[in-house]
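Protein chains in written order, with my numbering: chain A, 36 to 257; chain B, 36 to 257.
Yeah, the Cβ is synthetic: ideal placement off N, Cα and C, and Gly gets one too.
Keep in mind it's a predicted model, so treat the numbers as computed, not measured.
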């Protein structure tokens with residue numbers, strides 16, 4: 036048993052996991068996490084075996100152009116759900132949580148509910164910094180840069196705060212509404228910021244990669 | 036006393052109130068409510084005395100071009116608040132509610148808290164149909180037309196529902212979070228739709244005009 040564990044640990048250390056998003060390309064080498072733009076992929080000079088998932092064709096092509104041996108693992112993988120068109124990154128993050136609510140807060144914010152290993156459904160909000168496009172369309176005076184407010188206890192007293200308060204408060208309240216009393220697991224670029232407002236939430240930036248490792252174990256690669 | 040009441044009722048019936056927004060221009064003649072684009076203002080052939088408020092210079096110019104005697108009443112009016120830059124339409128709606136939460140759901144959604152006639156602060160969300168611009172910026176697949184879901188009890192099972200559920204659920208949860216146990220008063224084009232999801236809320240499409248009448252009473256016009 037211990038030998039198998041050591042063998043797996045050794046394998047993990049020679050393996051790079053990759054999560055290709057719409058904006059950035061994220062990597063995990065063991066517990067070392069890093070990101071890249073598609074232009075900088077070559078400069079990473081990755082030597083390990085690469086296993087990836089992707090939600091963006093253009094960024095996927097860029098990865099394969101730099102690392103032709105990289106392997107897409109999506110086809111070896113299954114999440115129990117009735118949801119049609121669930122992004123592979125959402126599926127992987129959900130696979131890592133058998134019971135609770137999974138929030139991936141990146142360029143979009145996805146909120147998914149897992150119960151006994153089954154995905155029950157979920158909803159989507161814009162990413163925190165994408166809201167500006169909706170406010171701009173509402174009224175030009177509402178085109179305000181996002182401000183990372185420290186608290187929601189004080190009601191805003193000017194337009195700039197009123198806009199950022201609206202964004203943060205509505206996202207947090209939506210997550211809490213969906214979660215009710217279940218545990219909340221956060222990943223993605225804005226996970227740390229949002230977790231400040233969510234008592235008893237768990238911030239795990241490695242959630243998608245944890246799911247990928249579970250998938251790789253299931254097909255015997257790990 | 037009765038004579039004064041009848042005199043005011045008579046005055047009201049010869050008076051048109053006008054709320055100039057960023058998208059539409061709204062009118063009240065007694066309890067008759069109607070809206071117009073700036074291009075159609077002339078065709079309304081309004082004969083009464085017009086009292087107006089405005090948050091849009093271009094639409095205000097159009098009103099004054101069609102009805103040069105129309106009077107802006109903003110300068111005769113005061114709401115107790117520490118908020119800097121509170122739109123005159125928000126102020127008027129708040130003036131009509133001495134205690135509770137005022138939600139104006141139009142091209143933007145404003146949420147304001149009133150306590151004993153004082154405005155304590157408020158926040159702003161994009162209008163329901165403006166969210167699409169934020170989703171489009173998040174990912175092209177999320178550019179989905181807004182769907183007026185009938186319930187929030189069922190978790191979405193596809194992208195289109197997941198987007199509309201995210202919008203409605205986050206707006207409703209934000210209103211409830213700000214309101215806590217206070218009464219909620221809704222006005223604006225999406226008031227009726229949102230009130231379906233807010234138990235014990237009061238939908239009053241005339242809220243801004245109620246505030247304008249209070250202001251006119253204070254300066255002795257009514």
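The shortest CA-to-CA distance from residue 156 (chain A) to any of A:121, A:78, A:184 is the one to A:121. For residue 170 (chain A), the closest Cβ of chain B is nearer than 9 angstroms. With a 10 Å radius around the Cβ and a threshold of 16 neighbouring Cβ atoms, residue 128 (chain B) comes out buried. The beta carbon of residue 191 (chain B) sits closer than 9 angstroms to some beta carbon of chain A. Interface annotation, residue 211 (chain B): in contact with chain A, CB-CB separation under 9 angstroms. Contact with chain A is absent for residue 123 (chain B), since none of that chain's Cβ atoms lies less than 9 angstroms from the residue's Cβ. Under the rule that a run must span 4 or more residues, the alpha helix (DSSP H) segments found entirely inside the region 176 to 239 of chain B read 194 to 214, 226 to 230. Contact of residue 117 (chain A) with chain B by beta-carbon distance below 9 angstroms involves 192. Nearest neighbour of residue 188 (chain B) by Cα position, chosen from B:58, B:99, B:231, B:222, turns out to be B:231. Sequence-ordered contacts of the region 55 to 67 of chain A with chain B read 57 [C-beta pairs closer than 7 angstroms]. Judged by beta-carbon spacing, residue 245 (chain A) lies beyond the 9 angstroms limit of residue 140 (chain A), meaning their Cβ atoms are not closer than that value.
Annotation for residue 251 (chain B): 257 place their beta carbon closer than 6 angstroms to its own, counting only its chain and skipping 5 residues before and after. By the C-beta density criterion, residue 254 (chain A) is exposed, having fewer than 16 other C-beta atoms within 10 angstroms.
About 18 angstroms separates the beta carbon of residue 159 (chain A) from that of residue 172 (chain A), a gap too long to meet the 8 angstroms contact definition.
Annotation: residue 221 (chain B) has no Cβ neighbours in chain A at a cutoff of 7 angstroms; minimum Cβ distance is about 16 angstroms.
Ranked by Cα distance from residue 222 (chain A), the first of A:54, A:49, A:50 is A:54. When secondary structure is reduced to three states using DSSP, residue 115 (chain A) falls in the coil class, being assigned neither helix nor strand. Here the C-alpha atom of residue 93 (chain A) lies approximately 47 angstroms from the C-alpha atom of residue 219 (chain B).
For residue 256 (chain A), the secondary structure class from DSSP, reduced to helix, strand or coil, is coil. Residue 83 (chain B) and residue 227 (chain B) have their C-alpha atoms some 29 angstroms from each other. In this structure, residue 77 (chain A) sits away from residue 208 (chain B), with a CB-CB distance that is not shorter than 9 angstroms. Using beta-carbon distances, residue 108 (chain B) does not count as an interface residue toward chain A, since no partner is under 9 angstroms.
Using a 10 angstroms sphere on the CB of residue 69 (chain B), the tally of other CB atoms stays under 16, which defines it as exposed. Judged by DSSP secondary structure, residue 54 (chain B) falls within the beta strand (DSSP E) whose first and last residues are 50 to 55. For residue 161 (chain B), the closest Cβ of chain A is nearer than 9 angstroms. Of the candidates A:85, A:123, A:191, A:65, A:191 places its Cα closest to the Cα of residue 116 (chain B). When 8 angstroms is used as the limit between beta carbons, residue 135 (chain A) is near no residue of chain B, the shortest such separation being about 14 angstroms.
Of the candidates A:216, A:182, A:215, A:214, the residue whose Cα lies closest to the Cα of residue 202 (chain A) is A:182. A buried status is given to residue 56 (chain A), since no fewer than 16 other beta-carbon atoms sit within 10 Å of its beta-carbon. Between the C-alpha atoms of residue 134 (chain B) and residue 125 (chain B) there is a straight-line separation of about 15 angstroms.
Cβ-Cβ distances below 7 angstroms link residue 164 (chain B) to 181 in the same chain, with the five nearest sequence neighbours on each side left out; the list follows chain order. The C-beta of residue 72 (chain B) has fewer than 16 other C-beta atoms within 10 Å across all chains shown, which makes the residue exposed.
One Cα belongs to residue 145 (chain A), the other to residue 194 (chain B), and the distance between them is close to 11 angstroms.
Residue B:95 holds the alpha-carbon nearest to the alpha-carbon of residue 60 (chain B) among B:113, B:81, B:67, B:95. Within the DSSP bridge table, the entry for residue 149 (chain A) names A:135, A:154 as partners.
Per DSSP, the unbroken beta strand (DSSP E) holding residue 84 (chain B) starts and ends at 84 to 89.
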